[in-house]
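**Q** Protein sequence lines, in the order shown, are assigned to chains R, L, Y and H. Just so you know, the first sequence maps onto residues 60 to 438 in the working numbering. Just so you know, the second sequence maps onto residues 60 to 438 in the working numbering. Just so you know, the third sequence maps onto residues 60 to 438 in the working numbering. Just so you know, the fourth sequence maps onto residues 60 to 438 in the working numbering. Heads up, the beta-carbon is just placed ideally off N, CA and C, and yes, glycines get one too.
4 protein chains.
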Amino acid sequence: MPVPKSKQLRRSYGFEEVAIVPGDVTINPEQTNIDLEIEGFTFSVPILAAAMDAVTDVNFAIKMSKLGGLAVLNLEGLQTRYDNPQEILAEIAQAPTSAVTPLLQKVYSQPIKENLIGERVQAIKKGGGVCAVSMLPANTKHFAPIAAEAGADILVVQSTVTTARHKSKSSRGLIFTELCKLVSMPIVVGNCVSYGACLELMRTGISAILVGVGPGAACTSREVLGIGVPQVTATIDCAAARDRYLEESGRYVPIITDGGFRRGGDLCKAIAAGADGAMIGSIFAQTKEAPGLGHHWGMANPHAALPRGTRIKVGTTGTLEQILFGPASVTDGSQNLVGALRTAMGVCGAATIRDMHKAEMVIAPSITTEGKSWQMAQS
Amino acid sequence: MPVPKSKQLRRSYGFEEVAIVPGDVTINPEQTNIDLEIEGFTFSVPILAAAMDAVTDVNFAIKMSKLGGLAVLNLEGLQTRYDNPQEILAEIAQAPTSAVTPLLQKVYSQPIKENLIGERVQAIKKGGGVCAVSMLPANTKHFAPIAAEAGADILVVQSTVTTARHKSKSSRGLIFTELCKLVSMPIVVGNCVSYGACLELMRTGISAILVGVGPGAACTSREVLGIGVPQVTATIDCAAARDRYLEESGRYVPIITDGGFRRGGDLCKAIAAGADGAMIGSIFAQTKEAPGLGHHWGMANPHAALPRGTRIKVGTTGTLEQILFGPASVTDGSQNLVGALRTAMGVCGAATIRDMHKAEMVIAPSITTEGKSWQMAQS
Amino acid sequence: MPVPKSKQLRRSYGFEEVAIVPGDVTINPEQTNIDLEIEGFTFSVPILAAAMDAVTDVNFAIKMSKLGGLAVLNLEGLQTRYDNPQEILAEIAQAPTSAVTPLLQKVYSQPIKENLIGERVQAIKKGGGVCAVSMLPANTKHFAPIAAEAGADILVVQSTVTTARHKSKSSRGLIFTELCKLVSMPIVVGNCVSYGACLELMRTGISAILVGVGPGAACTSREVLGIGVPQVTATIDCAAARDRYLEESGRYVPIITDGGFRRGGDLCKAIAAGADGAMIGSIFAQTKEAPGLGHHWGMANPHAALPRGTRIKVGTTGTLEQILFGPASVTDGSQNLVGALRTAMGVCGAATIRDMHKAEMVIAPSITTEGKSWQMAQS
Amino acid sequence: MPVPKSKQLRRSYGFEEVAIVPGDVTINPEQTNIDLEIEGFTFSVPILAAAMDAVTDVNFAIKMSKLGGLAVLNLEGLQTRYDNPQEILAEIAQAPTSAVTPLLQKVYSQPIKENLIGERVQAIKKGGGVCAVSMLPANTKHFAPIAAEAGADILVVQSTVTTARHKSKSSRGLIFTELCKLVSMPIVVGNCVSYGACLELMRTGISAILVGVGPGAACTSREVLGIGVPQVTATIDCAAARDRYLEESGRYVPIITDGGFRRGGDLCKAIAAGADGAMIGSIFAQTKEAPGLGHHWGMANPHAALPRGTRIKVGTTGTLEQILFGPASVTDGSQNLVGALRTAMGVCGAATIRDMHKAEMVIAPSITTEGKSWQMAQS
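#1: With distances taken Cα to Cα, identify the nearest neighbour of residue 65 (chain R) among L:418, L:424, L:423.
#2: Along chain Y, in chain order, which residues have C-beta atoms closer than 8 Å to that of residue 90 (chain H)?
#3: Report the rounded CA-to-CA distance for residue 126 (chain H) versus residue 398 (chain H), giving the unit in angstroms.
#4: Which of the three DSSP states, helix, strand or coil, is assigned to residue 275 (chain R)?
#5: Output yes if chain H places a C-beta closer than 9 Å to the C-beta of residue 390 (chain R); else output no.
#6: What is the residue span of the alpha helix (DSSP H) that residue 370 (chain Y) lies within?
#7: Buried or exposed, going by whether 16 or more other CB atoms sit within 10 Å of the CB of residue 308 (chain R)?
#8: Would you say residue 255 (chain R) faces chain L, with C-beta separation under 9 Å as the test?
#9: Under 9 Å, do residue 194 (chain R) and residue 216 (chain R) count as touching if we go by C-beta distance?
#10: Taking 9 Å as the CB-CB cut-off, is residue 242 (chain R) touching chain H?
#11: Please compile the residues from chain R whose C-beta is within a distance smaller than 7 Å of the C-beta of residue 220 (chain H).
#12: So if I threshold CB-CB distances at 7 Å, which residues from the stretch 363-374 of chain R count as touching chain L?
#13: Return the chain-ordered list of same chain residues with a C-beta closer than 8 Å to the C-beta of residue 304 (chain H), the five sequence neighbours on each side being excluded.
#14: Would you verify that the beta carbon of residue 223 (chain H) is, or is not, closer than 9 Å to some beta carbon of chain Y?
#15: Please report how far the alpha carbon of residue 253 (chain L) lies from the alpha carbon of residue 408 (chain Y), in whole angstroms.
#16: Check each candidate in H:71, H:161, H:199 and name the one with the smallest Cα separation from residue 246 (chain H).
#17: Would you say residue 73 (chain Y) and residue 291 (chain Y) are within 9 Å of each other, going by their C-beta atoms?
#18: Measure the alpha-carbon distance for residue 356 (chain Y) versus residue 145 (chain Y) and round it to whole angstroms.
#19: Roughly how many angstroms separate the alpha carbons of residue 147 (chain R) and residue 166 (chain R), rounded to a whole number?
#20: What is the rounded straight-line gap between the Cα of residue 151 (chain H) and the Cα of residue 375 (chain R)?
#21: Would you tell me roughly how many angstroms separate the C-alpha atoms of residue 141 (chain Y) and residue 115 (chain Y), rounded to the nearest one?
#22: Do we get a CB-CB distance below 9 Å when we pair residue 420 (chain L) with the residues of chain Y?
#23: Are residue 163 (chain Y) and residue 129 (chain Y) closer than 9 Å when you measure CB to CB?
#24: Assuming contact is defined by CB atoms lying nearer than 9 Å, are residue 300 (chain R) and residue 274 (chain R) in contact in what I supplied?
#25: For residue 174 (chain L), count neighbouring Cβ atoms within 10 angstroms of its own Cβ and tell me buried if that reaches 16, exposed if not.
#26: Using a Cβ-Cβ distance cut-off of 9 Å, determine whether residue 323 (chain H) contacts chain R.
#27: Round the Cβ separation of residue 383 (chain R) and residue 104 (chain R) to the nearest angstrom and send it over; I've been treating them as touching at under 8 Å.
#28: By how many angstroms is the C-alpha of residue 402 (chain R) removed from the C-alpha of residue 78 (chain R)?
#29: In angstroms, rounded to a whole number, what distance separates the CA positions of residue 335 (chain H) and residue 240 (chain Y)?
#30: Can you have a look at residue 75 (chain Y) and say buried or exposed, based on whether 16 or more other CB atoms are within 10 angstroms of its CB?
#31: Buried or exposed: which applies to residue 348 (chain L), given that a residue is buried once 16 or more other Cβ atoms fall within 10 Å of its Cβ?
#32: Do residue 133 (chain L) and residue 51 (chain L) come within 9 Å of each other at the CB atom, strictly closer than that value?
#33: According to a CB-to-CB cut-off of less than 8 Å, which residues of the stretch 140-163 of chain H neighbour chain R?
#34: Would you mind telling me which residues of chain R sit closer than 9 Å to residue 328 (chain L), beta carbon to beta carbon, in chain order?
#35: Report the neighbours of residue 353 (chain L) on chain Y: residues whose CB is nearer than 8 Å to its CB, in chain order.
#36: What does DSSP give as the partner residues of residue 334 (chain H) in its beta bridges?
In structure tokens, the structure reads:
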């Protein structure tokens, strides 16, 4: 009996399955412009450091800002629960593996101290950094004004999945159009992965979108919830929403691919897929400046009822400057991210990020160690 | 020479190859309704425990029922062959690996004691549980009336592949329309995987369908017989049959995806693919309440001429309540199945199971450990 | 610049990538008929043992014949180069791994003794077996008459790739239409994998076709020469040629899938793909009766200039009878091949091999151990 | 919300994913002609040795030439930076793994001595070899005349990605039409992978194209830059450009697939995909004649800011003659490349390389060890 057309599944792609095709024209890498603009702020490095406790603290944020990028401070993590978060971070780094999840559950169960929100923001500003802070949608009404008053520059509203329409019995939920009126900062919202959700969020007036749910092939959301879209497809679809929104409104809302980056090539692929910038976690957890002391963990690991992921030892491989600009001391592509991006844009003949959006990509077999080969190459 | 169009092969998909796309609307997980209805019975947890000796015995069935789900007792396993099945189960658990298959062949060669059928059913009823019992199609005429008389609530007729039309020289075979008249209980039939077979079974008047032959990528039927359809495709096709049958008859016959579940994400994917419920074996074999004492084996392992699979040490990871509702003590997604389902429905904006059937899914690269990444997430 | 349509590559499939879909009707396995007919000979077991020195010798051929199948004796292997091949076989089995390839090159460099051709054929006939012998196309003119005179029943002409049209400077090459006139036995020719080559061979008047070049995913021809077509696609294409030839000539020429079988499921898949029979090597090398003494090697390994593959220790797992009919002492599907085939035909509702050709197949994800699951099943 | 058509990704294929289908006609391998012609030079072996320091030095080039192929000397590697490169090569071979990258960065930072360019060219010519030399596009104006004056026969202009249109602020960049007028030698240019870039390069008047960026599944460019196209697709696309250019100009410009070769089968697949020849690195690094002393490294490893890859121990498996013509002492397909190519052409009925371009190919599952099988085969 022939099966009637029913549920159709579209094929989606992650970083490891695609490759960028060199262009018919090449350009000198030094001539490329990789600026990212978020409503009045221009970043010469189109990379955001993730709002994770193993990545961003006050000092990291200042350093990142000075190097041209932007780090986002999580206002609901350890930095606002402890006067001395370094102590807790050291304790996490030293805990034996079996004790990590209970420890994280314990330390994250401490209440947020509102006075610390202002202190952290002011410390970043005092250090000369652009200050971006993140919080959950449900907490924006409460925390956003505090951060604003303290001088925060950019507000990041982030949860696993955020939409413009959230249904809840207990409260009316966050209305982004209202939030945009309430705070005068640019608002970055995430995460989303689909054309429709992205377009609806842009129509609320927000300033940038974080793209990515369950990136990487084995992330927590994908295993535990079955939820996720690989990053290349998510980026292509959200870029289509951005282009559509540009047409209908004349406003260009940048999209920032968030999560799943393991090396420079992934960054280049995200940009070629349509991203205007990238938010990176684990690679930055490996910097000497990272508060995680060579460890990394997701913000879902301390979850009380449904903990996901665990602490990972990522090691410390170089300074933030080295990881952004080189010279690379390792040969696996996890350092000199900016050099890699400029080189890739060069071989694609792309003078700007928006030129790079037009680069051709192919679906290529997944990377295996067996097929490793050696060849002549230079930047 | 051009090859003429001949045998066409359709691509099919398993749990590990797909992911659910978050919706354009989200909903508070607490507001979701996940009821499963089987002809007059309503289960607040849409999960059945498999009719396997390492999973379901009288006590497990009572506990499962009280927690809102349903466990199925195998009337042709150890529970009806031995007055004291615990002894045999302990022997199986303690046997050295090399001795397991012969031991299983021996203990399953004992005859079924008809008096035990009634005793087991009554014990479940006395304990306050809904009593579901399973048997092979060929044995329904003999055993079903015994179970019915003892007070069984739901009859499960299950073999590797069951169809509405079975050809046999020796006897006329089971006619489901006749069985439906013979017993007054709801009848759940399985297993099937295709649109046609499922539709024909529904037309006999039965109450629910078990979907799954050779689920998981490496199951016994697939290796030994070459037979099987991955669970996502099987579920989509059988859901199409259910919807077609609803149209032609006005009767909604739920389909229950059976087998291949390793974690909460798989449950969410089965529901998104169109299932109304899930039948789970190995995850439940890991509960403290499971009679398998940390071991699990398929009902095909004791087969005399073509034994398949073997005893697997699955360990004991938590109570049944923890596995269903959390809090999770592990971070791999094998606990808090209900929490995972409600959370996934929340990010898809699905208030009910039937809403969740409309969730979009994508084909995504298989899960690999290499691509593991860390990210911010919360339920 | 858009790429013009140029070379198109068709996707092809091997055993491990497909699965058979159960039918809408089921049938009792005992009612299935699995006969294979090759021009006047009827085999109750549709399985040929490969013309390899580790598999077939005189005794094996007699035993196989008595059990209902057919074993093919290689007339260009050790059996016709040595009066006492057992000695050489023991030497090969005992050689240290590093010495195997040079040893094989040495022992296979001995000349073929023509008198042994007759002796081996007569020994099989005297033992009551149907006698099938194999040789290279280039040697048929010389050896086929000797075998025929000694009483051989079936002639197998086999090389890696055999076509109806071979171009050679030195000689006119083998013309199959002439060979068919020369010898009065049924002629089985192989190997081929494509529709066109298969159809042309059938038109020469030969009696059966061996299908398979580079089967299995990592076979020698595929690595060293880049040549090969996975067995499911090769079988589907050659079955299409058989059906086309039946239409144009009224003659049904059976196709026998040769190579790549690891377990019963593969046999079932070959038949479902359109094969009338299967030629099996390595599984038979594991029988107590196999001359390889628990070892196996390809006939390309002794090649002087381009040796391929090597001796593999396959072990001895059971008698030939057990492997064909069970009871299985292992649970991996490598025993009771006939039971597996009848069971699979049963769940597909196929009463005959030709019914089984109509079974639906799906492309299913490759088998991985991770996805292993347990489920209820019975034959 | 339906996603509008946006960025489309084409599926591309590498060596390990395809297989060649045998033809309907076969031909004796001895009757095949595998000549490669590059504007007046005819090579009886269509294989180039890569311009890598672990592969080609003066002696290797002479030997390769005498055996019928062509080796390319890198004029910007160790051979022109050191009077006695053997000393440096020995030092690299003996360095502990951790010291390799800094050592390579150091030794490659020495300046090129112009006098050595002439000396190396003259030594190859004096030894009776055809002399091919390579350099970066940016250095051709300076070095090409020196090499030409010394008697070089063929000029190879090579960088990771070379196009006919390169944009640079600092200089006008290399114009190939001018270079073709400047030097009277045939000019081979690379690398490129796309139809458009290849066609534009051919239109400048150059003599041959090197095809390949990021070949192999895990090469440096793919990981670090995200750039690359698998070799089968790159070859098919560039072959389409060659055929198109032949149509429009009447001139046949050969394409040479460069990189990613692990064994004979890969060579056969490149030719079947449309290549006129192959440039091979790592397999030749395993010859007794190779200057790398059993080691191999890419020319990108010494890069100061973005070093990629590392020194690999490849071992020494045979002489150059053995690797080209056999007899093979190993059974993995890395020896007797010419024998493998002629055999593959034989089973495809291809008398010439251009006949072989018409061979059918299929997409076949990736090679896995599990599927390994044994079968009868002979050349």
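**A** Considering the structure as presented:
#1: The residue labelled residue 65 (chain R) in the question sits at position 6 within the first sequence. Residue L:418 is the option with its Cα nearest to residue 65 (chain R).
#2: Taking the first residue of the fourth sequence as position 1, residue 90 (chain H) is located at position 31. 226, 227, 228, listed in chain order.
#3: Mapped onto the fourth sequence, residue 126 (chain H) falls at position 67. Mapped onto the fourth sequence, residue 398 (chain H) falls at position 339. Rounded to the nearest angstrom, the two C-alpha atoms are 14 Å apart.
#4: Numbered from 1 along the first sequence, position 216 holds the residue referred to as residue 275 (chain R). Note that residue 275 (chain R) scores a pLDDT of 49, beneath 50, so its modelled location is shaky and nothing firm can be said.
#5: Position 331 of the first sequence holds residue 390 (chain R). Yes, because at least one Cβ of chain H sits closer than 9 Å to the Cβ of residue 390 (chain R).
#6: Locating residue 370 (chain Y) in the third sequence gives position 311, where the first residue counts as 1. That residue, residue 370 (chain Y), is in no alpha helix (DSSP H); it is neither H nor E in DSSP.
#7: Locating residue 308 (chain R) in the first sequence gives position 249, counting from the first residue. Classification for residue 308 (chain R): exposed.
#8: Position 196 of the first sequence, counted from the start, is the residue given in the question as residue 255 (chain R). Yes, because at least one Cβ of chain L sits closer than 9 Å to the Cβ of residue 255 (chain R).
#9: The residue given as residue 194 (chain R) occupies position 135 in the first sequence. The residue given as residue 216 (chain R) occupies position 157 in the first sequence. Cβ atoms of residue 194 (chain R) and residue 216 (chain R): closer than 9 Å.
#10: In the first sequence, the residue the question calls residue 242 (chain R) occupies position 183. Not closer than 9 Å to any Cβ of chain H, the Cβ of residue 242 (chain R) fails to qualify, so no.
#11: Along the fourth sequence, read from residue 1 onward, the residue named residue 220 (chain H) stands at position 161. Those within 7 Å of residue 220 (chain H) in chain R are 81, 85, 406.
#12: 363, 364, 365, 366, 367, 368, 369, 371
#13: The residue given as residue 304 (chain H) occupies position 245 in the fourth sequence. The residues are 258, 261, 262, 310, 312.
#14: Against the fourth sequence, residue 223 (chain H) aligns to sequence position 164. Judged by the 9 Å Cβ criterion, residue 223 (chain H) is not in contact with chain Y.
#15: The residue labelled residue 253 (chain L) in the question sits at position 194 within the second sequence. The residue labelled residue 408 (chain Y) in the question sits at position 349 within the third sequence. So the two alpha carbons sit approximately 14 Å from each other.
#16: As a working note, residue 246 (chain H) is residue 187 in the fourth sequence. Looking at the Cα atoms, H:199 is the closest of the given residues.
#17: The count along the third sequence starts at 1 and reaches residue 73 (chain Y) at position 14. The count along the third sequence starts at 1 and reaches residue 291 (chain Y) at position 232. Cβ distance < 9 Å, so residue 73 (chain Y) and residue 291 (chain Y) count as in contact.
#18: Position 297 of the third sequence, counted from the start, is the residue given in the question as residue 356 (chain Y). Position 86 of the third sequence, counted from the start, is the residue given in the question as residue 145 (chain Y). In a straight line, the C-alpha of residue 356 (chain Y) is about 15 Å away from that of residue 145 (chain Y).
#19: Sequence index remark: in the first sequence, residue 147 (chain R) carries index 88 (1-based). Sequence index remark: in the first sequence, residue 166 (chain R) carries index 107 (1-based). Looking at the two C-alpha atoms, the distance is approximately 8 Å.
#20: Indexing the fourth sequence from 1 puts residue 151 (chain H) at position 92. Indexing the first sequence from 1 puts residue 375 (chain R) at position 316. Those two C-alpha atoms are separated by around 28 Å.
#21: Within the third sequence, numbered from 1, the residue matching residue 141 (chain Y) stands at position 82. Within the third sequence, numbered from 1, the residue matching residue 115 (chain Y) stands at position 56. About 15 Å.
#22: As a first step, residue 420 (chain L) must be located in the second sequence, where it is residue number 361. It does not; no Cβ of chain Y falls within 9 Å.
#23: As a first step, residue 163 (chain Y) must be located in the third sequence, where it is residue number 104. As a first step, residue 129 (chain Y) must be located in the third sequence, where it is residue number 70. No.
#24: The count along the first sequence starts at 1 and reaches residue 300 (chain R) at position 241. The count along the first sequence starts at 1 and reaches residue 274 (chain R) at position 215. No. Outside cutoff.
#25: Position 115 of the second sequence, counted from the first residue, corresponds to residue 174 (chain L). By the neighbour-count rule (16 or more Cβ atoms within 10 Å), residue 174 (chain L) is not buried but exposed.
#26: Mapped onto the fourth sequence, residue 323 (chain H) falls at position 264. Judged by the 9 Å Cβ criterion, residue 323 (chain H) is not in contact with chain R.
#27: Residue mapping note: residue 383 (chain R) aligns to position 324 of the first sequence, counting from 1. Residue mapping note: residue 104 (chain R) aligns to position 45 of the first sequence, counting from 1. Right, their Cβ atoms sit about 6 Å apart.
#28: For the purposes of this step, residue 78 (chain R) is taken as residue 19 along the first sequence, with counting starting at 1. For the purposes of this step, residue 402 (chain R) is taken as residue 343 along the first sequence, with counting starting at 1. Going by C-alpha positions, residue 78 (chain R) is about 14 Å away from residue 402 (chain R).
#29: For the purposes of this step, residue 335 (chain H) is taken as residue 276 along the fourth sequence, with counting starting at 1. For the purposes of this step, residue 240 (chain Y) is taken as residue 181 along the third sequence, with counting starting at 1. Cα-Cα distance, rounded: 43 Å.
#30: For this step, residue 75 (chain Y) is matched to residue 16 along the third sequence. So residue 75 (chain Y) ends up on the buried side.
#31: On the second sequence, position 289 is the one that residue 348 (chain L) refers to. Result: buried.
#32: Given a span of 60 to 438 for chain L in the structure shown, any question on residue 51 (chain L) remains unanswerable.
#33: 160
#34: Position 269 of the second sequence, counted from the first residue, corresponds to residue 328 (chain L). Taking a Cβ-Cβ threshold of 9 Å, the residues of chain R close to residue 328 (chain L) are 285, in chain order.
#35: As a working mapping, residue 353 (chain L) is identified with position 294 in the second sequence. Correct list: empty, because the minimum Cβ distance to chain Y is about 14 Å.
#36: Translated into the one-based positions of the fourth sequence, residue 334 (chain H) becomes position 275. None, per the DSSP bridge assignment.
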